[in-house]
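Sequential numbering from 123 applies to the sequence shown in the numbering used here.
In this text, a Cβ means the ideal position worked out from N, Cα and C, and glycines have one as well.
Heads up, the thing below is written out as structure tokens.
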Amino acid sequence: MSEGEALCGIMRKALPGTKGSAPGLPLTPETLTRMACTMPAFENISLFAQVCVAILLEATPFLLLGALLSGAFEVFVSREALERRMPSSPLAGILVGVGLGMVMPCCECGVIPVVRRLLAKGVPPAVAMTYMLAGPVINPVVIAATVVAFQGNWRVAAMRCALVGLVAMTMGFILRNKRPEELLLGVGESRNDLFGSLTESVDLEASRPTLAVKLDHALRHAQADFLDMFKILVLGAVIAAAFKALAPLELVALLEKDLLLSVTGMMALAVLLSLCSQADAFVAASFSGFPLAAKLAFMSLGPVLDFKLVLMWGRAFRGEVVRLLIIVPAVMIFAACMMLGSFFGGTP
């Protein structure tokens, strides 16, 4: 007997029917009993709490590590030295942009001001735009988080990196011949305060700060990144746990069996949740019955296209670029995941 059924029995004993009760009263003992029996079983509430806490406990360390690396990058890495080493060939630049995240790890939100500054300083668009899409996924922190989330399955991490890398290289190739001024909004058209970073507001090079001052700036930047991303992670964990514990079995079965519905549903969820790439693998893994293709769609689309990114792109890039950043990743990831799902037979 489940805990929910036991509660129904207890309430029937504790709330016996009373003679002479006026019919139609909203709160009679029998009404209360029926309400208790139709409430979600206690084990579902327990499952909700367990899944939510598990996602947060697994994802938070990687979120913190990513924020710390991002803060250290902002303060200690000289972009000028990197810019001098950028290749002039567009094709070589695309390849460099794909792998740049391995040495310059950054989340999808933090990478936008970095790319904006690189473009403004003359870095080829093939490098900068490829890095903007590939860097948040193809970096050590996210790769490790994906492997841990899927219980040591390196194949999932490799497929995720390959899919995002393909999207990033396609965008870099499309924009390879554009000049920076054709991509970025003009000075009077953009709001710098939205993208202002610590190193932009404080000229660390000019002031020649001590190591203690640099560490303080790095930790402040990391703290702001972590707190901003953790709020979204909590929301994503709650939604994933609620779906797993409270969704009707008929709906879950329909989504699990239908590849088209599962892929499109997970893509829509990725756009709406706007999770950080360092934590989204744990949310995706919690949808245990869904096809692998649907989970890949969620993990691959979220870091390159979500609600918050569209808003940020609109403040940094011209409308034509924003439209490309929306359409190309969505179409490519949908097509690739549908093909993968068909190839693997829709198995999780």
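Subject >> From 458, 210, 452, 430, residue whose alpha carbon lies closest to that of residue 234 >> reply: 430
Subject >> DSSP three-state assignment for residue 427, whether helix, strand or coil >> reply: coil
Original post:
By Cβ distance below 8 Å, which residues in the same chain neighbour residue 269 in space, the five residues on each side in sequence not counted?
Top reply: 275, 276, 278, 279
Subject >> Stretch-stretch touch, CB-based, cutoff 8 Å, three pairs: the stretch 437 to 445 with the stretch 407 to 424 >> reply: no
**OP:** Could you tell me how far apart the beta carbons of residue 174 and residue 360 are, in whole angstroms, since I believe they sit closer than 8 Å?
**Re:** 6 Å
Subject >> Neighbourhood of residue 394 by C-beta, 8 Å cutoff - its chain only, sequence neighbours within 5 removed >> reply: 428, 429
Subject >> Selection from 433, 341, 386, 403 that minimises the alpha carbon distance to residue 454 >> reply: 386
Original post:
Mind checking if residue 286 is an interface residue toward chain B, Cβ cutoff 7 Å exclusive?
Top reply: No chain B appears in this structure, which consists of one protein chain only.
Subject >> residue 439, DSSP secondary structure in three states >> reply: strand
Subject >> Extent of the continuous alpha helix (DSSP H) to which residue 349 belongs >> reply: 333 to 368
Subject >> Inter-stretch contact (C-beta, 8 Å, three-pair minimum) for the stretch 208 to 222 and the stretch 174 to 186 >> reply: Flag = no, the stretch 208 to 222 and the stretch 174 to 186 do not touch.
**OP:** Put residue 397 into one of helix, strand or coil per three-state DSSP.
**Re:** coil
**OP:** Counting only the same chain and skipping the five closest in sequence on each side, list residues whose C-beta sits under 8 Å from that of residue 357.
**Re:** 395
Original post:
Using CA coordinates, which residue listed in 456, 466, 303, 465 is at the minimum distance from residue 288?
Top reply: 456
**OP:** Closer than 8 Å by C-beta to residue 400: which residues in its own chain qualify, once you throw out the five before and the five after it? Chain order, please.
**Re:** 181, 184, 185, 187, 188, 229, 263, 264, 267, 351
**OP:** For residue 251, I'd like the list of residues in its chain whose CB is within less than 6 Å of its CB, leaving aside the five on either flank, ordered along the chain.
**Re:** Correct list, in chain order: 293, 294, 297.
Subject >> Alpha-carbon spacing of residue 168 relative to residue 301, whole angstroms >> reply: 55 Å
Original post:
First and last residue of the alpha helix (DSSP H) that includes residue 277?
Top reply: 276 to 296
Subject >> Selection from 405, 198, 346, 286 that minimises the alpha carbon distance to residue 426 >> reply: 286
Subject >> N-terminal and C-terminal residue of the alpha helix (DSSP H) that residue 238 is part of >> reply: 233 to 242
Subject >> DSSP beta-bridge partners of residue 306 >> reply: 439
**OP:** Decide if residue 353 is buried, meaning its Cβ has at least 16 other Cβ atoms within 10 Å, or exposed.
**Re:** exposed
Original post:
Which residues in the same chain as residue 194 place their Cβ atom closer than 7 Å to its Cβ, once the five residues preceding and following it in sequence are excluded?
Top reply: So the qualifying residues of the chain are 340.
**OP:** Enumerate in chain order the residues of its own chain whose CB-to-CB distance from residue 284 is below 8 Å, with the five nearest sequence positions on each side excluded.
**Re:** none
Original post:
What separation, rounded to the nearest whole angstrom, lies between the Cα atoms of residue 290 and residue 345?
Top reply: Distance between the alpha carbons of residue 290 and residue 345 is about 28 Å.
**OP:** May I ask you to report which of helix, strand or coil DSSP gives residue 225?
**Re:** Three-state result, residue 225: coil.
**OP:** Count the other C-beta atoms from every protein chain shown that fall within 10 angstroms of the C-beta of residue 449, then say buried if there are 16 or more, exposed otherwise.
**Re:** exposed
**OP:** Could you spell out where the alpha helix (DSSP H) holding residue 251 opens and where it closes?
**Re:** 247 to 256
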